[in-house]
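Every letter in the sequence shown is one number past the one before it in the UniProt record's numbering, and letter 33, counting from 1, is 33. Ideal Cβ placement from N, Cα and C applies to all residues, glycine included. It should be emphasised that the depicted structure is a prediction, and the values quoted were computed from it without experimental measurement.
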Amino acid sequence: MQARAPLGSRNKMFRSGRKVINSSTTTMEGIKLIPCRGGSQCPAPVTVSGGPPAQCPLVAAARHNGGIIPGVVMPNTNVCHIPWGGQAIAKTDYFVLNNPGSVEVTWEQASRGTIPQGALQGGYSETGEALYFGRFNHGGSLICGKVHPSHKVCYVPYWGQETSNVNYEVLCLKSIPLANLGLH
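Here it is, written out as C-alpha cells:
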C-alpha cells in the first residue's frame, strides 16, 4: 500500500512504484495529464477500455475543492465527471491522461484500498492524500474514477451519483522502453 502523499507534493501528479513523476515535465515519452477545456483535443488519450478514443471513455482528472480528482470523460460530452462527496460532478476544465510514446500501461486487479506496484497517481484529495486512477464495471460499463486508499474503495461517477466498489482495477505502468531510461 502506498503511503499518503505529503501536502507539499501537490504538483506531482503520478506515482509509479516509488518514483514520483512531475506532470510539468515530459518524462517517459510524455505520459502525463494535459489540460483540456470543453472538448479540446488530446493527441494520444488513454482510454478506460483500451478502444478507440472517439468511441471510448477517456482517463481524466479535474480540480475540485483544493484537490485534483481522477474521473472520466465520456465520448462526445466535452466534460469530465469526477466522483466526490456522493455526487458525480461535471467539470468543463479538466485534464486528460496523454500517452503519445511507447510506455505500456495496464489495468491491474486490486481491492480494499490496495495499490499495485507501478500504479499511476492521478491526483490528490483536498487533504493531500494520493488518489489513483481506478475502474470497475458498473451498470454494464467500465467506468473510471478514483481509488481512495484510506477509504478502501474505488469511487466512480455514475448517473449523477458517486458509486463505490471494494473490488477494482488500478492503472499501472506495464513497461518502460530502455531508451526512455537513458539506456541505449
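Using only the alpha-carbon positions, how far apart do residue i and residue j sit?
{"i": "proline 75", "j": "proline 57", "result": "6 Å"}
{"i": "tryptophan 84", "j": "leucine 33", "result": "20 Å"}
{"i": "alanine 88", "j": "tyrosine 94", "result": "14 Å"}
{"i": "leucine 97", "j": "lysine 152", "result": "24 Å"}
{"i": "asparagine 165", "j": "phenylalanine 136", "result": "7 Å"}
{"i": "serine 141", "j": "tyrosine 158", "result": "10 Å"}
{"i": "arginine 37", "j": "threonine 92", "result": "6 Å"}
{"i": "glutamate 129", "j": "arginine 63", "result": "14 Å"}
{"i": "valine 73", "j": "leucine 120", "result": "18 Å"}
For residue i, is the classification buried or exposed, using 16 other Cβ atoms within 10 angstroms of its Cβ as the cut-off for buried?
{"i": "cysteine 154", "result": "buried"}
{"i": "glutamate 126", "result": "exposed"}
{"i": "glycine 66", "result": "exposed"}
{"i": "glutamine 174", "result": "Reading the sequence as shown, one finds lysine at residue 174 and not glutamine. With fewer than 16 Cβ atoms within 10 Å of its Cβ, lysine 174 is classed as exposed."}
Do residue i and residue j have their CB atoms nearer than 7 Å?
{"i": "proline 35", "j": "leucine 131", "result": "no"}
{"i": "alanine 61", "j": "glycine 122", "result": "yes"}
{"i": "glycine 145", "j": "glycine 160", "result": "no"}
{"i": "glycine 118", "j": "cysteine 42", "result": "no"}
{"i": "valine 59", "j": "asparagine 99", "result": "no"}
With residue i and residue j assumed to form a contact (beta carbons below 8 Å), what rounded beta-carbon distance in angstroms separates them?
{"i": "threonine 163", "j": "valine 170", "result": "Not really, about 17 Å apart at Cβ, beyond 8 Å."}
{"i": "glycine 101", "j": "isoleucine 31", "result": "7 Å"}
{"i": "valine 147", "j": "tyrosine 124", "result": "No, valine 147 and tyrosine 124 are not in contact; Cβ-Cβ is about 12 Å, not under 8 Å."}
Validate contact between the region 99 to 107 and the region 78 to 85 using beta carbons, cut 8 Å, 3 pairs
no
Three CB pairs or more closer than 8 Å across the region 48 to 56 and the region 108 to 123:
no
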